[in-house]
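So the number in this note's numbering is just where the residue sits in the sequence shown, counting from 1, plus 5.
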Amino acid sequence: MYLLMLLVFLGCYALIDRRWNLYFWSGHKLRAWLVLVVGVLFFLAWDVVGIVNGLFWHGENSLTLGILVAPELPLEEVFFLAFLCYQTMIYVLGAPVLWRWLRDRRGTAAASSELRGGHGA
Numbered sequence: 006m007y008l009l010m011l012l013v014f015l016g017c018y019a020l021i022d023r024r025w026n027l028y029f030w031s032g033h034k035l036r037a038w039l040v041l042v043v044g045v046l047f048f049l050a051w052d053v054v055g056i057v058n059g060l061f062w063h064g065e066n067s068l069t070l071g072i073l074v075a076p077e078l079p080l081e082e083v084f085f086l087a088f089l090c091y092q093t094m095i096y097v098l099g100a101p102v103l104w105r106w107l108r109d110r111r112g113t114a115a116a117s118s119e120l121r122g123g124h125g126a
């Protein structure tokens, strides 16, 4: 169930990415994959350090598949880390796009108000 949810969320971010040409659809696919893989590997190394030091462990539950890619490291963790890295890149690359869109929208509303004889925003 958890893996399915992660895949759905990854799909939602892929739709946002595609709509706004932010990350994988920006024309730099190789760079995007490289950044994502390096990010996932960094966090996997972080997890391994935590597992070795007894800080992280996998508890049995009904939401995960029970497949471990390493001791105490469930398969879902790899997908979660990919989701985390992808989400971060969408936020980082999407923030300026959103800011420009809001600024342009506000400017359009102010210009429209001035044309109607208002005082603007």
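In this text, a Cβ means the ideal position worked out from N, Cα and C, and glycines have one as well.
Note that the structure is a prediction, hence the values are computed from the model and not measured.
Nonlocal neighbours in the same chain, by C-beta distance under 6 Å from residue i, ignoring five residues either side
i          : result
residue 44 : 90
residue 76 : none
Same chain, Cβ closer than 8 Å to residue i, neighbours up to 5 away in sequence not counted
i          : result
residue 83 : 45, 49, 74
residue 18 : 88, 91, 92, 95
residue 55 : 61
For residue i, the first and last residue of its enclosing alpha helix (DSSP H)
i          : result
residue 70 : Careful: residue 70 lies outside any alpha helix (DSSP H) and carries neither H nor E.
residue 55 : 34-57
residue 6  : Looking at the DSSP string, residue 6 is not in any alpha helix (DSSP H), and its letter there is neither H nor E.
Exposure label - residue i; buried when at least 16 CB within 10 Å
i          : result
residue 47 : exposed
residue 37 : buried
Helix, strand or coil at residue i [DSSP, three-state]
i          : result
residue 79 : strand
residue 85 : helix
residue 27 : coil
Neighbourhood of residue i by C-beta, 7 Å cutoff - its chain only, sequence neighbours within 5 removed
i          : result
residue 52 : 61, 78, 82
Segment contact flag, the region 6-23 with the region 92-109, C-beta cutoff 8 Å, min 3 pairs: yes
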